[in-house]
């Protein structure tokens, strides 16, 4: 294992506790956002450290990539170690895959489609996934829903059975970077185009929902006034994602919404893995506090009851405690406490 693994001290995590029985059922949604979504691993560490386990996971794009590994039985710490090994030990390869032009990459030509010279998501998954990641939905420890976009139907498709890695590849197939994935005669592309934060898919059968938002914002370059054509292309995905999330939140909200704190990273900053993990630590601590409170209290911080898709400045975030304003959440928790067996 490379020496870069010692970088774990930059973003420390506690040993995972055994999952705790008798807890409310959690539905977890992991959003899309390219390299920013590496922060999902830090959020999953919060679950492990509290001894909690989601009942169901829904993932889009990078959320599907990391969610599938977690649902396969890997701990968050193991996923972190795998990511840092791949993205640090193979730094040059990862950088070439995501930043250089195809004609300069004879070493990695197998990652490119012979038809259109874009990356193959399935080949990339073979590079980054350990053998422990399931190959079929039936092998998962935690049920999972993976969102992709049916290219010709112009609609979302939810994968819940069959070939897991194909479904993950379809969910992460961002146009202009990855080739579409064809499954049963249908072409699929990145799920973030239709549902970048799929918390609406984890409500059924759960007591409350948690959504992790890793969408981004365009960051101005210090040496020029306007974006390049390439920057505009990638920024378009930010605009799609944030617009969809904003509109969803007007009609339906998760019970807990966490912004991972990585919005200033770019879509392809995959080699900045340590910086991204470190940036997500405050959000992880926020999630742990909210999980602690929601598990045993009748009241929640005000910011937990009024989620927004856009980051709120710290100076505007209240820590006041108010009665729960979410009827579904309050009803579910009260029902759970009434039916819970003594001592559980």
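Numbering (our numbering), first residue to last: -3 to 340.
All C-beta atoms, glycine included, are put in the ideal place defined by N, C-alpha and C.
This structure is a prediction, so every number in the text was calculated from the model and none was measured.
*Best match in 80, 140, 84 for proximity to residue 51 [C-alpha to C-alpha]*: 140
*Check whether the segment 55 to 72 touches the segment 120 to 128, taking contact to mean three or more Cβ pairs, one atom from each stretch, closer than 8 Å.*
yes
*asked:* If I follow the unbroken alpha helix (DSSP H) through residue 270, where does it start and stop?
replied: 269 to 275
*Go ahead and pull the three-state DSSP assignment for residue 51.*
coil
_residue 185 in three-state terms, based on DSSP_ = strand
*If you run the structure through DSSP and keep just helix, strand and coil, what is residue 205?*
strand
*How is residue 29 classed by DSSP in three states: helix, strand or coil?*
coil
_What would DSSP say about residue 78, mapped onto helix, strand or coil?_
helix
*In terms of DSSP beta bridges, what is residue 178 paired with?*
183
*Please state if the CB of residue 32 and the CB of residue 187 are separated by a distance shorter than 8 Å.*
no
*In chain order, what residues of the same chain lie with their CB nearer than 6 Å to the CB of residue 155, ignoring the 5 residues before and after it?*
142, 163
*asked:* Quick check on this structure: which residue in 72, 285, 71 has the alpha carbon closest to the alpha carbon of residue 254?
replied: 285
*How big is the Cα-Cα spacing for residue 229 and residue 80?*
28 Å
*How many angstroms separate the CA atom of residue 248 from the CA atom of residue 257?*
22 Å
*Are there 16 or more other CB atoms within 10 angstroms of the CB of residue 151, so buried, or fewer, so exposed?*
exposed
*Measure the C-alpha to C-alpha separation of residue 183 and residue 171 and round it to an integer number of angstroms.*
12 Å
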